[in-house]
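Peer 1: Per numbering that gives the first Met the number 0, residue 0 is the first one in the sequence shown, and the count goes up by one each step.
All C-beta atoms, glycine included, are put in the ideal place defined by N, C-alpha and C.
Here the structure is a predicted model, which is why all the values come from computation and not from measurement.
Before anything else, here's the structure in question.
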Amino acid sequence: MHFLITGGAGFIGSHLTDLLLQSGHVVTALDDFSTCPPDSLAETKARVIKGSVLDRSLVFDLVASCDYVFHLASVVGVRLAMARGIRTLKTNFLGTENVLAAATEYNKEVFIASSSAVLGKIVNLPAAESSSTLLGPAYKASWLYSAAKLVEEHLAFAYYREKKTKVKVGRFFNVIGPRQTGAYGMVVPTFITAALKGEPLLVYGDGSQTRTFVYIGDALKGVEIVVKRGKPGRIYNIGGTEEISILSLAQKIIAMTKSSSPIKIIPYEKL
């Protein structure tokens with residue numbers, strides 16, 4: 000099969016590219032390389048297109064020539080979204096609309112990558128696909144990434160209901176692994192980098208907040224299950240099951256790296 004991956008040079012996208020190529024498929028990777036090195040896919044046999052999902056004619060041309068679409072292109076993480084709010088909203092809404100419109104036009108199935116961030120202030124755990132979302136006020140930029148990904152989900156389901164677009168949403172929960180950078184606020188690579196440098200690991204709040212993490216290889220197994228067995232018009236959570244507090248995570252990383260780094264607790268009221 001011929002797969003199109005938007006955001007194909009990013010953390011998840013590059014691993015997906017490798018996996019599909021190793022399985023004997025043809026891959027076209029579209030990326031603007033704004034958050035990853037320009038040679039990210041240089042060692043692969045993927046057809047690499049430098050461009051943006053905001054380029055509607057380009058997206059239509061690429062979707063027309065492929066068999067399946069993975070839409071991963073997005074501004075990366077809360078920190079970058081806060082700094083580039085307009086771009087984040089444009090990319091997630093207009094870019095996703097371009098992909099969905101093209102998939103509808105050419106009758107292609109599309110997998111859309113969402114995030115657990117859409118859940119916002121999670122009230123009931125464990126989180127299910129049917130869990131309600133609860134975001135903070137719009138004037139707080141820290142909620143912009145969550146809102147942008149949630150709009151993306153709503154757009155996907157609007158296309159499914161109104162145009163019968165074959166779309167599946169995979170909601171990733173804190174994927175970790177090689178090639179991930181801490182430059183955009185991802186906690187695991189941020190902690191590892193600090194520990195290796197002997198710098199303080201910054202823990203916000205009291206550190207009791209919990210997360211689940213999933214290794215990239217396991218996350219891609221989840222993607223494969225969704226693509227092969229999932230039903231269009233559905234959300235599928237893709238993540239781990241073992242909770243860990245942020246404070247415990249910091250302690251674990253310090254122990255694993257044999258670091259002398261201290262842990263610095265920063266109360267939310269001091270932010």
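Could you check the C-alpha separation between GLU104 and TYR203 for me, to the nearest Å?
Peer 2: Rounded to the nearest whole angstrom, the C-alpha separation of GLU104 and TYR203 is 46 Å.
Peer 1: Using CA coordinates, which residue listed in ALA126, PHE110, PRO199 is at the minimum distance from LEU241?
Peer 2: Note that residue 241 corresponds to Glu in the displayed sequence, not to Leu. Nearest of ALA126, PHE110, PRO199 to GLU241, Cα basis: ALA126.
Peer 1: Please determine if the region 247 to 263 and the region 45 to 64 are in contact, where contact requires at least 3 C-beta pairs separated by less than 8 Å.
Peer 2: no
Peer 1: Between the Cα of THR209 and those of THR189, ALA112, LYS120, spot the shortest distance and give me the residue it belongs to.
Peer 2: LYS120
Peer 1: Would you kindly report the start and end of the unbroken alpha helix (DSSP H) that includes ARG83?
Peer 2: Here ARG83 belongs to no alpha helix (DSSP H), and DSSP marks it neither H nor E.
Peer 1: Pick out whichever of SER113, ILE111, ALA140 has its Cα sitting closest to the Cα of ALA80.
Peer 2: ALA140
Peer 1: Give me, in chain order, the residues of the same chain whose beta-carbon lies closer than 8 Å to that of LEU154; leave out the 5 immediate sequence neighbours on both sides.
Peer 2: PHE92, THR95, GLU96, LEU99
Peer 1: In the DSSP assignment, what are the bridge partners of ASN236?
Peer 2: ARG170
Peer 1: For THR209, does the three-state DSSP call read helix, strand or coil?
Peer 2: strand
Peer 1: Please name the residue, chosen from SER22, LEU71, GLY84, THR34, that lies closest to GLY7 on a Cα-to-Cα basis.
Peer 2: LEU71
Peer 1: How long is the line joining the alpha carbons of ILE215 and THR16, rounded to whole angstroms?
Peer 2: Distance from the CA of ILE215 to the CA of THR16, rounded to the nearest whole angstrom, comes to 12 Å.
Peer 1: Applying the 10 Å Cβ sphere with the 16-neighbour rule, what's the burial state of LEU61?
Peer 2: buried
Peer 1: Give the secondary structure of VAL25 by DSSP, where H, G and I count as helix, E and B as strand, and everything else as coil.
Peer 2: Three-state DSSP puts VAL25 in a strand.
Peer 1: Any idea which residues DSSP pairs PHE69 with across the strands?
Peer 2: In the DSSP output, where bridge partners are listed per residue, PHE69 has ILE4, PHE110.
Peer 1: Starting from LYS148, follow the alpha helix (DSSP H) in both directions and report where the run begins and ends.
Peer 2: 143 to 162
Peer 1: Could you work out which residue in PRO188, GLU108, THR189 is closest to LYS163 when comparing CA atoms only?
Peer 2: Ranking the options by Cα distance to LYS163, first place goes to GLU108.
Peer 1: Considering only residues of the same chain and omitting the five flanking positions on each side of TYR183, which have a CB-CB separation below 6 Å?
Peer 2: VAL75, GLY76, ARG78, LEU79
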